[in-house]
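Asks: Before anything else, here's the structure in question.
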């Protein structure tokens, strides 16, 4: 029974740390860019796009396909930064505990 009480305490502490991490991630903003900074996208910690900046020189109808490609690339770059930051925050919470492949927190 002593082990069960300790396990419950650890689970409670982990839950508190997860809630703290989620609050931290909500306030987080990451940027991704493409085309040498001609397109920049800002995502919040939940992956929602909050801002997009497009260099005015790209506002040409003949460049529309390139602009679309740059927006996609900038979003992918921002998402990569967000995933890295999320993994870093998760590492802090789990204390280096490795999760099984495919298992992500929060559940």
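Residue numbers (the working numbering): 38 to 144. All C-beta atoms in this analysis are idealised placements derived from N, C-alpha and C, irrespective of residue type, glycine included.
State buried or exposed for residue 67, treating a residue as buried only when at least 16 other CB atoms are found within 10 Å of its CB.
Replies: Its Cβ being crowded by 16 or more others within 10 Å, residue 67 is buried.
Asks: Quick one: what's got a C-beta closer than 6 Å to residue 91's C-beta in the same chain, skipping five residues either side?
Replies: Taken in chain order, the residues that qualify are 76.
Asks: Roughly how many whole angstroms lie between the Cα atoms of residue 48 and residue 108?
Replies: Looking at the two C-alpha atoms, the distance is approximately 41 Å.
Asks: Ordered along the chain, which non-local residues of its own chain (more than five positions away) have a Cβ less than 6 Å from that of residue 54?
Replies: So the list reads 130, once near-sequence residues are dropped.
Asks: Spatial neighbours of residue 89 within its chain, please: CB distance less than 6 Å, with the 5 preceding and 5 following residues excluded, ordered by chain position.
Replies: Excluding residues within five positions, the ones whose Cβ falls inside 6 Å are 78.
Asks: Hey, quick one: how far does the beta strand (DSSP E) through residue 107 stretch, first residue to last?
Replies: Run containing residue 107: none in the beta strand (DSSP E); it sits in the alpha helix (DSSP H), 101 to 131.
Asks: So for residue 178, helix, strand or coil by DSSP?
Replies: Since the first residue of the chain shown is 38 and the last is 144, residue 178 is not available in this structure.
Asks: Who are residue 88's beta bridge partners in DSSP?
Replies: Answer by DSSP bridge pairing, in chain order: 79.
Asks: By Cβ distance, which residues of its chain are closer than 8 Å to residue 63, with the 5 residues on each side in sequence left out?
Replies: Counting only Cβ-Cβ distances below 8 Å, and skipping sequence neighbours, we find 81, 82, 83.
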